[in-house]
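For the numbering used here, add 772 to where a residue sits in the sequence shown, where the first one is 1.
Note that CB positions come from ideal geometry on N, CA and C, so glycine has one too.
Following: one structure in structure tokens, then a few remarks.
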Amino acid sequence: MSSPPSKENLEIQTYSVSPEDEQKQVANISKVDDAVAFLLENEGKYQPLTEAEERWAVKKTDFILLPCLFWTATMGAVDKVSLGTAAIFGIKQSNHLTSHQYAWTSSILFFGSLVGMWPMSYLVQKYRPGRVIACASALWSCFTLLQCACHNFAGLAALRFLMGFVECSIVPSCSLIISVFYLKKESPHRTALVFAFMSSVINGGLSSLASVFGNAIPTWKYIYLLVGSISFVWSCAMIFFLPDSPINAKFLTTREKVFMVRRVASNSTGVASNTWKWDQVAEAFMDPRTYIVMMFNLGINLPNGALSTYSSIIIKNLGFSSVKSSLMGIPTGVIATIATVFFTWLGARWTNRRSASAMLSLIVPIIGGIVCYCSPHSNTAAQLVGLYFMYFYFASYVVMTSLVQANTAGNTKKAVTYGFNYLGYAAGAITGSQIDTTSSKKVFAAMLSGYCICMFLALVYWIVTAWMNKKKKAVLTAEAEETNEKEIVHVEGLEQDQILDITDFQQKHFFYIT
């Protein structure tokens, strides 16, 4: 039996060319996506799937992959936001935290993310992203459990920093995995399900459960014990099971894997490649959309930083007990999830209007911010309604993330771009958690500013991508297409751009979703 082909022994099309051109062709083999070797190994071995079998392969992926990604991402978010709930159950008193130190305990997690962003982005690209995020999940679970042993600001801050260092892998890893399993039109609502804002629901439920365990240890420690233990057990299972592409998905047969790889190749964004390419790094730095989305994430996570850190405290200040305050936070996750699912569904079906969908989703949180800003603190109902409305912001974040997934080609460029996105996320969360909470007016004014800036940036992204599409069309019209374009490698039924690990800038026929 012959050994399976690899990138080193893929057959290159031969032509009568000069030695210099031949060297260029050999050098170009590095552009081939790793999935090509898998397709060549299995070419001609299997009959194509029937329509019913195709639907089942996609549904099976939905039923197995999406819950795996959802629980991994959500437990990381629960670890992160549990600080806000722990605050109303005594963590500030147990660790002798001043208000200033508490704000920095929240912020320092995102400083850890800023430091860890580039190392983790490199690991996600260089190694299997499924394995990377599962190992990172096990680490942040351990750091969550260790917080129970903290008794001062220094220890708590150190562990929060380490948590942020590894947790920054969540969004890049999950985004990369979704982009290589689903078509562009399918990814928005799948992204919404994976990043569903259910951390508030789970955190509220676990917090209320922890409150009935007695007083042997402080309630906030029970919260961390529950969250950390559940997260650790789950991450250990994911180390052995979570795939990073259809090629190593244990729940798919080889025949189904071939179908899924060929299907997703039509995205022209790459399927699998673990080669770090510095030219793609440079292109990510030169792409204006990288900075637009980074600034969008900064603006949208300024309210997020404030809400995740202080929402439980804000609710308690309205006159609710600690247990009721934790339970009153549950609707925030439900509202954010419903809003996200709806607007990503709208964005996927409203052709080339995904940026508009993000803009529309920001209208509701702007109304909520205005309600909270204008209504008196004594009007509990108005304050709660306004606070809940502000959680619609999460829909715009996920819609813009789905745009990055659809509009970025080249595996290294995707890893770097997702890193930039998280840079904006961390910077916004740091800023939001440092808002002066002695004045509720200042908090809600800052949130309103963030929402309005993000609406403007979504419009800018729309204009820039439309301009880039127009520019590409003009180039195609001006240049005569070569009918005898030489191929690096040939896979039956797939175009060159669909099987090469090259960027959206390098693909003539790659047009952006606006």
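Spatial neighbours of residue i in its chain, beta-carbon cut-off 6 Å, leaving aside the 5 residues before and after
i	result
cysteine 840	Leu1014
alanine 964	Thr1112, Val1113, Thr1116, Val1170
leucine 821	Phe1031
valine 943	Tyr1194
isoleucine 1107	Tyr1160, Tyr1163
methionine 1131	Met1227, Ala1230
serine 866	Pro990
leucine 1220	Gly1141
glycine 862	Pro990, Trp992
CA nearest to the CA of residue i, picked from the options
i	options	result
alanine 1198	Glu825, Phe937, Val896	Phe937
cysteine 914	Glu1028, Leu998, Asn814	Leu998
serine 909	Ala875, Asp851, Ile950	Asp851
alanine 926	Thr877, Leu895, Ser1127, Tyr1169	Thr877
valine 1143	Ile949, Leu1159, Ser1221, Ala1130	Leu1159
glutamate 1055	Phe1277, Ser979, Phe1283	Phe1277
methionine 1067	Leu1118, Lys1244, Met1227	Met1227
leucine 978	Leu1156, Thr1152, Ser1003	Ser1003
valine 1005	Trp843, Trp890, Met1219	Trp843
tryptophan 992	Ala858, Asp834, Leu811, Ile1135	Ala858
leucine 1134	Ile1225, Val1033, His923, Arg1035	Ile1225
serine 1038	His868, Cys922, Ala1250, Phe953	Phe953
alanine 845	His923, Leu886, Met970, Glu825	Met970
tryptophan 912	Gly848, Ile863, Tyr899, His868	Gly848
glutamine 819	Asn924, Lys1029, Arg1125, Ser1221	Lys1029
phenylalanine 1166	Tyr1145, His1149, Val1136	Val1136
histidine 868	Lys832, Cys922, Trp890, Asn1124	Cys922
leucine 838	Ile949, Gly856, Pro1060	Ile949
tryptophan 1239	Ala1218, Pro1060, Leu811, Asp1016	Pro1060
leucine 881	Lys1214, Glu823, Thr916	Thr916
alanine 1218	Ala1250, His1149, Tyr1145, Ser1168	Tyr1145
leucine 886	Ile863, Val1232, Gly1196	Gly1196
Cβ pair residue i, residue j closer than 9 Å
i	j	result
alanine 1111	phenylalanine 1164	yes
phenylalanine 967	cysteine 946	yes
threonine 1310	leucine 1074	Since the displayed the chain opens at 773 and closes at 1286, residue 1310 lies outside it and no answer follows.
glutamine 1052	asparagine 1183	yes
asparagine 750	serine 854	Residue 750 lies beyond the stretch modelled for the chain, which goes from 773 to 1286, so this question has no answer here.
isoleucine 1274	threonine 1237	no
threonine 1152	serine 972	no
isoleucine 860	phenylalanine 1023	no
cysteine 907	isoleucine 1011	yes
alanine 1187	serine 871	no
lysine 754	tryptophan 1048	Within the shown structure, residues of the chain are numbered from 773 to 1286, placing residue 754 beyond reach of any answer.
serine 1127	tryptophan 1234	yes
methionine 889	glycine 1191	yes
leucine 934	glycine 884	yes
serine 879	alanine 1178	no
leucine 955	arginine 1035	yes
Simplified DSSP assignment, three categories, for residue i
i	result
histidine 872	helix
arginine 900	coil
cysteine 922	coil
tryptophan 1048	coil
cysteine 940	coil
tyrosine 1063	helix
isoleucine 1285	coil
isoleucine 989	coil
threonine 1180	coil
valine 1232	helix
tyrosine 1169	helix
glutamine 1279	coil
arginine 1035	helix
arginine 1121	helix
threonine 822	coil
phenylalanine 953	coil
7 Å Cβ shell around residue i - same chain, five flanking residues per side excluded
i	result
alanine 1120	Lys957, Pro960, His961
threonine 1189	Ala1056, Thr1062, Val1176, Thr1180
lysine 1245	none
leucine 1229	Ile1064, Met1067, Phe1068, Gly1071
alanine 982	Thr991, Tyr994, Ile995, Leu998
valine 904	Leu895, Val896, Ser941, Ser945
proline 776	Its pLDDT being 44, under 50, proline 776 is placed unreliably by the model, and the measurement read from it follows with that caveat. The answer, listed in chain order, is Ala809, Glu813.
leucine 918	Leu931
aspartate 793	Note on aspartate 793: pLDDT 46, under 50, position unreliable in the model; the coordinate value appears next. If we look at aspartate 793 and ignore the five residues flanking it on each side, it has no Cβ neighbours.
phenylalanine 1283	Asn1241, Lys1244
leucine 928	Asn867, Thr877, Gln919, Cys922
phenylalanine 985	Tyr994
cysteine 1008	Ala910
lysine 1185	Gln1052, Glu1055, Ala1056, Thr1275
Sequence-distant residues of the same chain with beta carbon closer than 8 Å to residue i, five excluded per side
i	result
serine 1147	Ala1154, Gln1155, Gly1158
leucine 1248	Lys1280, His1281
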